[in-house]
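Student: Numbering (the UniProt record's numbering), first residue to last: 1 to 63.
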Amino acid sequence: MKPSTLLNKLCKIKPNREPVLQTSSKNRKRSMPDERKFTEQCSNRKENLEALVGQVVGSIHQQ
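(1) Do K37 and L7 have their C-beta atoms closer together than 8 Å?
(2) Mind checking whether the beta-carbon of A51 lies closer than 7 Å to any heavy atom of the ligand GDP?
(3) Please report the distance separating the alpha-carbon of residue 64 from that of E50.
(4) Using a Cβ-Cβ cutoff of less than 7 Å, which residues in the same chain neighbour S53 once the five nearest sequence positions on both sides are dropped?
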């Protein structure tokens, strides 16, 4: 599988903060996941990882 260009760029930026999880989701199964469930739900899709890393680093143009 080809690595995501956006994800690679985001991972090179210095982290600014912790990612924030949505706690008032319509899907209650994901509202307060434990560590295992969080990993299962977020790591299955590249878009989820990009969103989490994007929250941590802020804007890609911020440097």
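Backbone N, C-alpha and C define an ideal beta-carbon position, used for all residues, glycine too.
Tutor: Walking through what the data contain:
(1) As a first step, residue 37 is located in the sequence shown; it is residue number 37 there, counting from the start. As a first step, residue 7 is located in the sequence shown; it is residue number 7 there, counting from the start. Their beta carbons are not under 8 Å apart, which means K37 does not touch L7 by this criterion.
(2) Absent from the structure shown: the ligand GDP. Ligands present: none.
(3) Absent from the structure is residue 64, since the part of the chain shown begins at 1 and ends at 63.
(4) Position 53 of the sequence shown, counted from the start, is the residue given in the question as residue 53. Rather than Ser, the amino acid found at residue 53 in this sequence is Val. Around V53: L7, L10, C11.
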